[in-house]
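Add 228 to the 1-based position in the sequence shown for my numbering, that's all there is to it.
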Amino acid sequence: MPPLATYSLPADKLEEVADRLLTCADRVIGPVRTPPGDLFFDVVRSVNEIELQYGNSLLPPTTALFPMAEEIFSVVGGTPPVIRAPRSDASCLLFGIRPCDVAAIQRLDHFFLDGEFKDDLYAARRSRTAIVAVACSQKADARCFCSCCDTGPFAKTGYDLQLSLVDDTYLVEVGTEQGRRLAQRLSDLLGVADDDLILERERRAQELFTELEQKGNMPSAIRRITGEAVSQAVWERIGGRCMGCGGCSFVCPVCSCFYVIDQTLPDGTVQRIRAQDSCRLAGYTREASGHNPRALPSQRAARYSYHKLSYRYIEREGTQGCVGCGRCVTVCLGGVHMPAVTEMIRREA
Ligand code: SF4
Ligand code: SF4
Numbered sequence: 229m230p231p232l233a234t235y236s237l238p239a240d241k242l243e244e245v246a247d248r249l250l251t252c253a254d255r256v257i258g259p260v261r262t263p264p265g266d267l268f269f270d271v272v273r274s275v276n277e278i279e280l281q282y283g284n285s286l287l288p289p290t291t292a293l294f295p296m297a298e299e300i301f302s303v304v305g306g307t308p309p310v311i312r313a314p315r316s317d318a319s320c321l322l323f324g325i326r327p328c329d330v331a332a333i334q335r336l337d338h339f340f341l342d343g344e345f346k347d348d349l350y351a352a353r354r355s356r357t358a359i360v361a362v363a364c365s366q367k368a369d370a371r372c373f374c375s376c377c378d379t380g381p382f383a384k385t386g387y388d389l390q391l392s393l394v395d396d397t398y399l400v401e402v403g404t405e406q407g408r409r410l411a412q413r414l415s416d417l418l419g420v421a422d423d424d425l426i427l428e429r430e431r432r433a434q435e436l437f438t439e440l441e442q443k444g445n446m447p448s449a450i451r452r453i454t455g456e457a458v459s460q461a462v463w464e465r466i467g468g469r470c471m472g473c474g475g476c477s478f479v480c481p482v483c484s485c486f487y488v489i490d491q492t493l494p495d496g497t498v499q500r501i502r503a504q505d506s507c508r509l510a511g512y513t514r515e516a517s518g519h520n521p522r523a524l525p526s527q528r529a530a531r532y533s534y535h536k537l538s539y540r541y542i543e544r545e546g547t548q549g550c551v552g553c554g555r556c557v558t559v560c561l562g563g564v565h566m567p568a569v570t571e572m573i574r575r576e577a
């Protein structure tokens, strides 16, 4: 989808842009480096904290919309008991997120909002969240492969504003009416984006696309998984190396499984919590009887890959369940992350 408007911005004005955007929402979440050197998406208080030259953060910015754990409601004792639901009207601006994570948010939107049941918690957060993406002008990380998933190096939709660096100028794209309102706040800094700037961004994106394209083996894996052509031996090889830690799901910006539990606090308050879950964990499908339909790591590996790459799910969810962010490559101790699995499947073919 073409942007609603395009502008140019001198690169040395980026700090001022970030500074102004800090006042556009109750909280701004952006890439922040902690003193030991790790990069997290966290609340930004000052523009100096933002770091845009980052390899992908281990935890994705999608946790701002779908947290690792959250309270749904609590019941405080008494007669009658009082039910409290933690609700906030605070607005949020996600600043500096990469195109792959923009694509992941679109997939989460579809999962949580477009089905028969809408998720109230997600819907409330999402309706108050604006997205300012920064396109990748160079390979963000040795592990990423967005070009295999059609999610980068710049976002085609899903952003409110997107900034793409071309030499000493940013191409600023407005994706939504909310983005238009943000751009108005910056109007004195923005200039006309001429055709040369737009074409040069396209040319460089194509160059980067070619550099990234070698990884992933996605089409072959999608074909073979959809056709149930992957042999049991391959799933067993993958399962044999999987430690069942669930790390690949917990860092994945696309994974959306969760469980719900009630817990009693020392003061007697009962809290209902929802927390992210992983189909790679042995207990994920264990039934109350003790029977587990996917007791073996190979069965869980097959299920995980099937859910992410089978065309049947792609058709239902609109996109494949991997945006090529490369986070599972960082976290998987068994070396059976998404690029490794798709490569094993392609080799078997
Ligand atoms: S991160 Fe690797 S080892 Fe851990 S559950 Fe996922 S595939 Fe298995
Ligand atoms: S499967 Fe791996 S590479 Fe793909 S989106 Fe999830 S974490 Fe990123």
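Even glycine gets a Cβ: it sits at the ideal position worked out from N, Cα and C.
Residue i CB to nearest heavy atom of ligand 1 below 6 Å
i, result
"residue 471", "yes"
"residue 474", "yes"
"residue 531", "no"
"residue 561", "yes"
"residue 555", "no"
"residue 528", "no"
"residue 335", "no"
"residue 508", "yes"
Supposed close pair residue i, residue j - CB separation, criterion 8 Å
i, j, result
"residue 330", "residue 383", "4 Å"
"residue 551", "residue 377", "5 Å"
"residue 400", "residue 391", "6 Å"
"residue 465", "residue 572", "7 Å"
"residue 358", "residue 388", "5 Å"
"residue 463", "residue 523", "Actually they are not in contact, since the Cβ atoms of residue 463 and residue 523 sit about 14 Å apart, beyond 8 Å."
"residue 584", "residue 284", "This structure leaves residue 584 out entirely; the chain is present only between 229 and 577."
"residue 254", "residue 320", "7 Å"
"residue 290", "residue 257", "About 11 Å; that fails the 8 Å criterion."
"residue 470", "residue 521", "Between residue 521 and residue 470 the Cβ distance is about 17 Å, and since that is not below 8 Å, they are no contact."
"residue 498", "residue 288", "No, residue 498 and residue 288 are not in contact; Cβ-Cβ is about 31 Å, not under 8 Å."
"residue 273", "residue 267", "16 Å between Cβ atoms; not a contact."
"residue 508", "residue 556", "So it is not a contact: roughly 10 Å between Cβ atoms."
"residue 619", "residue 559", "Residue 619 lies beyond the residue range present for the chain, which begins at 229 and ends at 577; the question has no answer from this structure."
"residue 533", "residue 454", "No, residue 533 and residue 454 are not in contact; Cβ-Cβ is about 11 Å, not under 8 Å."
Collapsed DSSP secondary structure at residue i in the structure displayed
i, result
"residue 270", "strand"
"residue 383", "coil"
"residue 412", "helix"
"residue 202", "This structure gives no information on residue 202, because the portion of the chain shown stretches from 229 to 577."
"residue 475", "helix"
"residue 460", "helix"
"residue 533", "helix"
"residue 522", "coil"
"residue 527", "helix"
"residue 310", "strand"
"residue 262", "coil"
"residue 242", "helix"
"residue 328", "helix"
"residue 574", "helix"
"residue 277", "helix"
"residue 508", "coil"
"residue 495", "coil"
"residue 482", "coil"
"residue 490", "strand"
"residue 303", "strand"
"residue 543", "helix"
"residue 293", "coil"
"residue 256", "strand"
"residue 513", "coil"
Proximity test, residue i beta-carbon vs ligand 2 heavy atom, cut-off 6 Å
i, result
"residue 566", "yes"
"residue 518", "no"
"residue 320", "no"
"residue 315", "no"
"residue 364", "no"
"residue 283", "no"
"residue 480", "yes"
"residue 550", "yes"
Selected residue, minimal CA-CA separation from residue i, among the options
i, options, result
"residue 294", "234, 518, 336, 435", "336"
"residue 503", "268, 412, 485", "485"
"residue 277", "300, 250, 290, 292", "250"
"residue 303", "547, 491, 326, 514", "491"
"residue 327", "314, 355, 381, 375", "381"
"residue 356", "434, 516, 322, 506", "322"
"residue 421", "234, 535, 459", "234"
"residue 236", "448, 271, 429", "429"
"residue 386", "414, 407, 450, 568", "407"
"residue 436", "372, 317, 229, 519", "372"
"residue 240", "367, 410, 417", "417"
"residue 562", "472, 440, 341", "472"
"residue 461", "375, 324, 577", "577"
"residue 540", "346, 450, 510", "450"
Any chain D beta carbon closer than 7 Å to residue i
i, result
"residue 341", "Judged by its chain identifiers, the structure shown contains no chain D, having just a single protein chain."
Go through the stretch 332 to 406 residue by residue and report every complete run of the alpha helix (DSSP H) that reaches 4 residues or more, in order. Unbroken alpha helix (DSSP H) stretches of 4 residues or longer found wholly inside the stretch 332 to 406: 348 to 355, given in chain order.
Run through the stretch 420 to 450 for me and flag every whole alpha helix (DSSP H) of 4 or more residues, listed as ranges in chain order. Secondary structure in the stretch 420 to 450: the alpha helix (DSSP H) runs of 4 residues or longer, each lying completely within the stretch, are 423 to 440 in chain order.
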